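Participant: When you line the sequence shown up against our numbering, it's residues 4 to 154, in that order.
Below are the structure tokens for one structure; questions will follow.
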Amino acid sequence: MMNAEVFNKDHILVDQTATTQEEAFQVIADFADQLGFVQDKQAYLEGLKEREKEATTGFKDHIAIPHCKSTTNLKPGMFLVKFEQAIPWNALDGKPVNVAFALTIPEEGSAEYLKLLSLIARKLIDQNFREGVLNETDPEKLTEIIDQIAF
Numbered sequence: 004m005m006n007a008e009v010f011n012k013d014h015i016l017v018d019q020t021a022t023t024q025e026e027a028f029q030v031i032a033d034f035a036d037q038l039g040f041v042q043d044k045q046a047y048l049e050g051l052k053e054r055e056k057e058a059t060t061g062f063k064d065h066i067a068i069p070h071c072k073s074t075t076n077l078k079p080g081m082f083l084v085k086f087e088q089a090i091p092w093n094a095l096d097g098k099p100v101n102v103a104f105a106l107t108i109p110e111e112g113s114a115e116y117l118k119l120l121s122l123i124a125r126k127l128i129d130q131n132f133r134e135g136v137l138n139e140t141d142p143e144k145l146t147e148i149i150d151q152i153a154f
């Protein structure tokens, strides 16, 4: 079961506006800020972009895991953002992104939360999980799917 403080159904957003990765990051930063997970949304936005420069967070099959470790992150959080428009992401498989699992990883205790990153990545190997996340629109059902990740 997922820790409800890290992820719950209020952490799901369907975005109709973003068409670029930059806009997608802006949507994620605004959402994390709205939910009270970051001190400075601009710093979080920059952190997401910096992390992306190191290596793509595009996983595969239209899913990405954007994240950054930063002092601006007040607490660990995971946010599921579904983009109605496919976002060009430079993912490893070349596919655009429709779903982002975004993370806020505080500087302190970051090792534990980098573990969450690998749990998500491991779960994404499961085709049923990926299809559920991509195709399900009901927040309750999406939460049930994501609750398969035990963290």
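Every residue gets a Cβ at the ideal spot worked out from N, C-alpha and C, and that includes glycine.
This structure is a prediction, so every number in the text was calculated from the model and none was measured.
1) Let me check one thing: in DSSP terms, what residues is A105 bridge-paired to?
2) Which one or two residues does DSSP pair with S121 in a beta bridge?
3) Helix or strand or just coil, what does DSSP make of V30?
4) Have a look at D13 and N93 and give me their C-alpha separation to the nearest angstrom.
5) Nearest to V17 by CA position, among F154, I31, E25 and K72, is which residue?
6) With three or more C-beta pairs closer than 8 Å as the rule, is the segment 39 to 46 touching the segment 114 to 125?
7) Quick test of your reading: A105 and P79, contact by CB under 8 Å. State the CB separation rounded to the nearest angstrom.
8) By how many angstroms is the C-alpha of Q19 removed from the C-alpha of D96?
9) Report the residue ranges of all beta strand (DSSP E) runs contained in full by the segment 36 to 101; include only those spanning at least 3 residues, in chain order.
Facilitator: Reading off the structure:
1) F82
2) According to DSSP, S121 bridges with nothing at all.
3) helix
4) 28 Å
5) I31
6) no
7) No, A105 and P79 are not in contact; Cβ-Cβ is about 12 Å, not under 8 Å.
8) 24 Å
9) 61 to 63, 70 to 73 and 80 to 90
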